[in-house]
Amino acid sequence: MKRTKREDSAELTLAGYEHGFNAPLAAADTAYQRSRTAHTIVFVEGISDQIAVETLAARQNLDLEAKSIVVFPVGGSKSVTRYLREFGPMGARKTLAGLCDTDAAGIFSRALFNTGHTEIRSPDDLPAAGFFVCDRYLEEELIRAIGPGPIVDMIVAQGEGNALSIFQKQPEWRDRDLSDQLCRFFRSKARRPARYARLLIEACPPDRIPRPLSDLVAHVS
(Lines of atoms letter the chains of each structure in order from A and count residues from 1; the text may use other names and numbers.)
(Lines give C-alpha, C1' and ligand atoms only; values in the text may rest on other atoms or scores of the structure.)
Protein backbone atom coordinates (compact mmCIF):
# COMPACT_ATOMS: atom_id res chain seq x y z
CA MET A 1 0.00 0.00 0.00
CA LYS A 2 1.33 3.43 -0.94
CA ARG A 3 2.31 5.57 2.02
CA THR A 4 1.03 9.12 2.36
CA LYS A 5 3.16 12.21 2.82
CA ARG A 6 1.72 12.53 6.31
CA GLU A 7 2.82 9.01 7.24
CA ASP A 8 6.32 9.53 5.85
CA SER A 9 6.68 12.85 7.68
CA ALA A 10 5.54 11.29 10.94
CA GLU A 11 8.11 8.50 10.66
CA LEU A 12 10.90 11.02 10.09
CA THR A 13 9.97 13.29 12.98
CA LEU A 14 9.62 10.34 15.38
CA ALA A 15 12.85 8.64 14.31
CA GLY A 16 14.72 7.28 17.31
CA TYR A 17 11.69 7.37 19.61
CA GLU A 18 9.04 4.86 20.56
CA HIS A 19 5.78 5.29 18.68
CA GLY A 20 2.70 3.20 18.22
CA PHE A 21 0.12 1.67 20.52
CA ASN A 22 2.54 0.54 23.26
CA ALA A 23 4.89 3.51 22.93
CA PRO A 24 4.34 4.99 26.44
CA LEU A 25 5.06 1.68 28.17
CA ALA A 26 8.01 0.87 25.92
CA ALA A 27 9.53 4.33 26.37
CA ALA A 28 9.14 4.17 30.15
CA ASP A 29 10.72 0.72 30.28
CA THR A 30 13.70 1.82 28.18
CA ALA A 31 14.22 4.90 30.35
CA TYR A 32 13.88 2.82 33.51
CA GLN A 33 16.66 0.48 32.45
CA ARG A 34 18.93 3.39 31.52
CA SER A 35 18.13 5.25 34.74
CA ARG A 36 19.57 2.49 36.89
CA THR A 37 23.10 3.55 35.91
CA ALA A 38 22.45 7.27 35.35
CA HIS A 39 23.65 10.12 37.53
CA THR A 40 20.69 12.42 36.85
CA ILE A 41 17.11 11.58 35.91
CA VAL A 42 14.77 14.13 34.35
CA PHE A 43 11.16 13.05 34.82
CA VAL A 44 8.66 14.22 32.19
CA GLU A 45 5.06 13.22 31.56
CA GLY A 46 5.30 11.79 28.06
CA ILE A 47 7.34 11.09 24.96
CA SER A 48 6.62 14.52 23.45
CA ASP A 49 8.22 16.15 26.50
CA GLN A 50 11.18 13.78 26.24
CA ILE A 51 11.69 14.77 22.60
CA ALA A 52 11.42 18.47 23.45
CA VAL A 53 13.98 18.28 26.26
CA GLU A 54 16.42 16.16 24.28
CA THR A 55 16.07 18.33 21.17
CA LEU A 56 16.74 21.52 23.12
CA ALA A 57 19.69 19.91 24.90
CA ALA A 58 21.21 18.94 21.54
CA ARG A 59 20.52 22.40 20.16
CA GLN A 60 22.41 23.90 23.11
CA ASN A 61 25.29 21.41 22.77
CA LEU A 62 24.46 19.64 26.02
CA ASP A 63 25.55 16.01 25.67
CA LEU A 64 23.07 14.21 27.91
CA GLU A 65 24.76 10.83 27.53
CA ALA A 66 28.19 12.22 28.39
CA LYS A 67 26.78 13.81 31.54
CA SER A 68 24.90 10.60 32.44
CA ILE A 69 21.49 12.28 32.21
CA VAL A 70 18.39 10.28 31.29
CA VAL A 71 15.11 11.93 30.28
CA PHE A 72 12.42 9.62 31.65
CA PRO A 73 8.88 9.79 30.16
CA VAL A 74 6.84 8.24 32.96
CA GLY A 75 3.69 7.66 30.91
CA GLY A 76 1.44 10.15 32.67
CA SER A 77 1.86 12.20 35.83
CA LYS A 78 0.17 9.63 38.08
CA SER A 79 3.00 7.19 37.38
CA VAL A 80 5.73 9.45 38.71
CA THR A 81 5.42 8.45 42.38
CA ARG A 82 6.75 4.90 41.92
CA TYR A 83 9.83 6.14 40.09
CA LEU A 84 10.49 8.95 42.56
CA ARG A 85 10.33 6.40 45.36
CA GLU A 86 12.79 4.10 43.61
CA PHE A 87 15.29 6.69 42.43
CA GLY A 88 14.90 9.50 44.99
CA PRO A 89 15.93 9.91 48.66
CA MET A 90 14.06 6.75 49.68
CA GLY A 91 15.82 4.65 47.05
CA ALA A 92 18.86 5.04 44.80
CA ARG A 93 19.35 8.72 45.73
CA LYS A 94 19.87 9.93 42.17
CA THR A 95 19.92 13.60 41.24
CA LEU A 96 16.40 14.36 40.04
CA ALA A 97 14.77 17.07 37.93
CA GLY A 98 11.63 17.33 35.85
CA LEU A 99 9.08 19.12 33.71
CA CYS A 100 5.28 18.97 33.88
CA ASP A 101 2.14 20.77 32.76
CA THR A 102 0.12 23.00 35.08
CA ASP A 103 -2.55 20.37 35.70
CA ALA A 104 0.12 17.91 36.87
CA ALA A 105 2.01 20.27 39.17
CA GLY A 106 0.02 19.27 42.24
CA ILE A 107 0.57 15.59 41.51
CA PHE A 108 4.32 16.12 41.11
CA SER A 109 4.64 18.20 44.28
CA ARG A 110 2.71 15.68 46.41
CA ALA A 111 4.68 12.80 44.92
CA LEU A 112 7.97 14.51 45.71
CA PHE A 113 6.88 15.30 49.28
CA ASN A 114 5.69 11.73 49.85
CA THR A 115 8.94 10.22 48.57
CA GLY A 116 11.34 12.12 50.78
CA HIS A 117 11.49 15.65 49.37
CA THR A 118 9.88 17.16 52.46
CA GLU A 119 10.82 20.68 51.39
CA ILE A 120 8.27 20.44 48.56
CA ARG A 121 4.95 21.47 50.09
CA SER A 122 3.21 23.00 47.06
CA PRO A 123 3.72 23.49 43.31
CA ASP A 124 5.39 26.82 44.10
CA ASP A 125 8.30 24.89 45.61
CA LEU A 126 8.99 22.80 42.51
CA PRO A 127 11.49 25.06 40.66
CA ALA A 128 13.84 25.22 43.65
CA ALA A 129 14.03 21.42 43.49
CA GLY A 130 14.71 21.37 39.73
CA PHE A 131 11.15 20.67 38.62
CA PHE A 132 9.63 23.22 36.25
CA VAL A 133 5.99 23.82 35.35
CA CYS A 134 4.65 24.83 31.93
CA ASP A 135 1.95 27.49 31.71
CA ARG A 136 -0.89 25.08 30.98
CA TYR A 137 0.87 22.89 28.38
CA LEU A 138 4.29 22.83 26.73
CA GLU A 139 2.60 22.96 23.31
CA GLU A 140 0.80 26.13 24.35
CA GLU A 141 4.06 27.71 25.50
CA LEU A 142 5.66 26.90 22.14
CA ILE A 143 2.70 28.26 20.16
CA ARG A 144 3.03 31.57 22.01
CA ALA A 145 6.79 31.62 21.45
CA ILE A 146 6.74 30.82 17.73
CA GLY A 147 3.44 32.41 16.72
CA PRO A 148 0.43 30.64 15.19
CA GLY A 149 1.17 31.59 11.56
CA PRO A 150 4.47 29.70 11.22
CA ILE A 151 2.94 26.74 13.03
CA VAL A 152 0.06 26.53 10.54
CA ASP A 153 2.69 26.48 7.77
CA MET A 154 4.48 23.67 9.62
CA ILE A 155 1.29 21.62 9.86
CA VAL A 156 0.62 22.08 6.15
CA ALA A 157 4.20 21.05 5.32
CA GLN A 158 3.66 17.89 7.37
CA GLY A 159 0.69 16.94 5.21
CA GLU A 160 -1.91 17.73 7.86
CA GLY A 161 -3.34 20.96 6.47
CA ASN A 162 -6.61 19.29 5.55
CA ALA A 163 -6.89 17.68 8.99
CA LEU A 164 -6.41 21.09 10.60
CA SER A 165 -9.06 22.68 8.35
CA ILE A 166 -11.57 19.97 9.24
CA PHE A 167 -10.81 20.38 12.94
CA GLN A 168 -11.26 24.17 12.74
CA LYS A 169 -14.77 23.70 11.32
CA GLN A 170 -15.99 21.76 14.34
CA PRO A 171 -18.72 23.75 16.12
CA GLU A 172 -16.85 23.72 19.42
CA TRP A 173 -13.69 25.21 17.90
CA ARG A 174 -14.57 27.24 14.80
CA ASP A 175 -14.98 30.53 16.72
CA ARG A 176 -12.00 30.04 18.99
CA ASP A 177 -8.69 31.89 18.78
CA LEU A 178 -6.20 30.32 16.35
CA SER A 179 -3.70 29.65 19.14
CA ASP A 180 -6.35 27.76 21.11
CA GLN A 181 -7.28 25.79 18.00
CA LEU A 182 -3.67 24.81 17.41
CA CYS A 183 -3.11 23.73 20.99
CA ARG A 184 -6.19 21.52 20.90
CA PHE A 185 -5.30 20.21 17.43
CA PHE A 186 -1.91 19.04 18.69
CA ARG A 187 -3.54 17.31 21.66
CA SER A 188 -6.45 15.79 19.73
CA LYS A 189 -4.49 12.66 18.76
CA ALA A 190 -2.22 10.72 21.08
CA ARG A 191 0.68 10.59 18.62
CA ARG A 192 0.53 14.20 17.45
CA PRO A 193 2.33 15.95 20.36
CA ALA A 194 5.33 13.66 19.95
CA ARG A 195 5.27 14.04 16.19
CA TYR A 196 5.57 17.84 16.38
CA ALA A 197 7.75 18.23 19.48
CA ARG A 198 11.08 18.22 17.64
CA LEU A 199 9.78 20.50 14.88
CA LEU A 200 8.44 23.03 17.37
CA ILE A 201 11.69 23.19 19.32
CA GLU A 202 13.73 23.55 16.14
CA ALA A 203 11.43 26.34 14.92
CA CYS A 204 11.51 28.31 18.16
CA PRO A 205 13.83 31.37 18.17
CA PRO A 206 16.65 30.93 20.71
CA ASP A 207 15.54 33.94 22.74
CA ARG A 208 11.94 32.70 22.93
CA ILE A 209 12.42 29.17 24.24
CA PRO A 210 9.72 28.65 26.90
CA ARG A 211 11.11 29.53 30.31
CA PRO A 212 10.29 26.22 32.06
CA LEU A 213 12.09 24.27 29.33
CA SER A 214 15.13 26.53 29.17
CA ASP A 215 15.35 26.62 32.99
CA LEU A 216 15.28 22.82 33.12
CA VAL A 217 18.07 22.40 30.58
CA ALA A 218 20.13 25.07 32.34
CA HIS A 219 19.53 23.35 35.68
CA VAL A 220 20.95 20.00 34.54
CA SER A 221 23.77 21.46 32.42
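Start counting the sequence shown at 1; every next residue gets the next number (the UniProt record's numbering).
Just so you know, even glycine gets a beta-carbon here, dropped at the ideal spot from N, CA and C.
Please report the Cβ distance between residue i and residue j, rounded to the nearest whole angstrom; I am assuming they are in contact, meaning their Cβ atoms lie under 8 angstroms.
{"i": "L126", "j": "P210", "result": "Between P210 and L126 the Cβ distance is about 15 angstroms, and since that is not below 8 angstroms, they are no contact."}
{"i": "V74", "j": "A105", "result": "Contact doesn't hold; Cβ gap of about 15 angstroms is too wide."}
{"i": "H117", "j": "G88", "result": "7 angstroms"}
{"i": "I41", "j": "F72", "result": "5 angstroms"}
{"i": "A38", "j": "S68", "result": "5 angstroms"}
{"i": "T81", "j": "A57", "result": "Not really, about 26 angstroms apart at Cβ, beyond 8 angstroms."}
{"i": "H19", "j": "R192", "result": "About 11 angstroms; that fails the 8 angstroms criterion."}
Quick check on residue i: does DSSP put it in helix, strand or coil?
{"i": "G106", "result": "helix"}
{"i": "I209", "result": "coil"}
{"i": "R34", "result": "helix"}
{"i": "F186", "result": "helix"}
{"i": "V70", "result": "strand"}
{"i": "A85", "result": "Strictly speaking, residue 85 in this sequence is Arg, with Ala absent from that position. DSSP places R85 in helix when its eight states are reduced to three."}
{"i": "M154", "result": "helix"}
{"i": "T115", "result": "coil"}
{"i": "D215", "result": "helix"}
{"i": "F21", "result": "coil"}
{"i": "L142", "result": "helix"}
{"i": "K169", "result": "coil"}
{"i": "A92", "result": "coil"}
{"i": "L62", "result": "coil"}
{"i": "L199", "result": "helix"}
{"i": "S221", "result": "coil"}
{"i": "S122", "result": "coil"}
{"i": "G149", "result": "helix"}
{"i": "R192", "result": "helix"}
{"i": "E54", "result": "helix"}
In the DSSP assignment, what are the bridge partners of residue i?
{"i": "G98", "result": "F43 and F131"}
Quick one, are the C-beta atoms of residue i and residue j less than 9 angstroms apart?
{"i": "D101", "j": "A197", "result": "no"}
{"i": "I155", "j": "L182", "result": "yes"}
{"i": "E23", "j": "Y17", "result": "Sequence check: residue 23 is Ala here, not Glu. Going by C-beta atoms, A23 is nearer than 9 angstroms to Y17."}
{"i": "F113", "j": "I107", "result": "no"}
{"i": "F43", "j": "L96", "result": "yes"}
{"i": "A163", "j": "F186", "result": "no"}
{"i": "R103", "j": "R136", "result": "Just to set this straight, residue 103 is Asp in the shown sequence, not Arg. Yes."}
{"i": "I47", "j": "A157", "result": "no"}
Identify which residue in the options has its Cα closest to the Cα of residue i.
{"i": "P206", "options": "R192, F185, I146 and G161", "result": "I146"}
{"i": "S214", "options": "S77, S179, S188 and G130", "result": "G130"}
{"i": "L64", "options": "E45, R34, S77 and M90", "result": "R34"}
{"i": "C134", "options": "R187, L62, L99 and P150", "result": "L99"}
{"i": "L199", "options": "P150, E45 and Q60", "result": "P150"}
{"i": "E45", "options": "G76, T55 and G161", "result": "G76"}
{"i": "F132", "options": "P171, L62, L216 and R36", "result": "L216"}
{"i": "A128", "options": "E140, P212, D103 and S165", "result": "P212"}
{"i": "V220", "options": "L62, D124, D177 and R85", "result": "L62"}
{"i": "T115", "options": "P123, E86, D103 and D124", "result": "E86"}
{"i": "E202", "options": "I47, Q60 and Y83", "result": "Q60"}
{"i": "R144", "options": "S122, D175 and D180", "result": "D180"}
{"i": "L25", "options": "S79, V70 and V53", "result": "S79"}
Does at least one heavy atom of the ligand PLP sit under 8 angstroms from the Cβ of residue i?
{"i": "S122", "result": "Among the components of this structure there are no ligands whatsoever, and the ligand PLP is therefore not found."}
So is residue i in contact with chain B if we call contact Cβ pairs under 9 angstroms?
{"i": "A104", "result": "Although the question refers to chain B, the structure presented lacks it and comprises just one protein chain."}
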